[in-house]
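Reviewing the structure listed below.
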Amino acid sequence: MWSSKSTLWLSWAINAVLSFLFIVLGGHSFGNVQDFRNADWLDGNDDNTKRVRLSLFGVLAALFLSIVVLLVYNIFTFLVILGRWISAKLMGGFGHGVILTASIYTAAFMLLTALILHSQDDTMKWGLKDKAEKNAYKGAFAFAYILVGTYTIMFAAFIMCRTAFREAPEEKPNPNPNPNFSASV
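Shown next as structure tokens:
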């Protein structure tokens, strides 16, 4: 049978790997969208060009902030779970509620990221240069949708494994230190 701590570590590891894949795809897509935004033909002042430029700033912001949020979440949760693994008394009751909140907020943030990236898919189809760039972009918003699910699962895992965040009960001293002693009156 798996312990609460083992379940948390396994859930965290799977989530961290998926987050890392998004970070790689998101970073690659960030560079591609940055190149697209800096294209010479986007220097015009007509309304359509301004709208495209503005929407590209939204995509860049979503990619950048999602990478930052994922890095902070994974580093923070690693340290909290590690602290609980080393010593139940070290963190007190601090970690559980904060991690629950961070998990559900990260899921919501990744949903917003996925929606922003998905909404600009048509713009990226004609703006990105080759098929590899387009596939990296599609992979980024697909992984953003996947991460919504994994961070929601992390939220559920932290609720189900809340015993890993509790202190172990202290042993009570034995009131009868000598088991062979019999009380005779």
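So in the numbering used here, the last one in the sequence shown is 198, and the numbering has no gaps at all.
For glycine and all other residues, C-beta sits at the position ideal for the given N, C-alpha and C.
- Exposed is the label assigned to Ile-88, since fewer than 16 other Cβ atoms lie within 10 Å of its Cβ.
- Within the segment 120-146, no beta strand (DSSP E) run of at least 3 residues lies entirely inside it.
- For Ser-24 against Ala-170, the beta-carbon gap comes to about 4 Å, under 8 Å, which counts as contact.
- Close CB contacts of Ile-80 within its chain, under the 7 Å cut and outside five residues either way in sequence, are with Ile-36, Gly-39, Gly-40 (chain order).
- In this structure the segment 155-173 touches the segment 110-127; the number of beta carbon pairs closer than 8 Å is three or more.
- Contact check for Asn-45 against Lys-142 passes: the beta carbons are separated by less than 9 Å.
- Of the candidates Ile-172, Ile-129, Lys-18, the residue whose Cα lies closest to the Cα of Phe-77 is Ile-129.
- With respect to Ile-94, Trp-22 sits close: the two C-beta atoms are nearer than 9 Å.
- Within the same chain, and ignoring the five residues on either side of Ala-29 in sequence, the residues whose Cβ sits closer than 7 Å to its Cβ are Asn-87.
- Non-local beta-carbon contacts of Ser-32 in its own chain, meaning distances under 7 Å to residues more than five positions away in sequence, involve Leu-83, Asn-87, Leu-160 in chain order.
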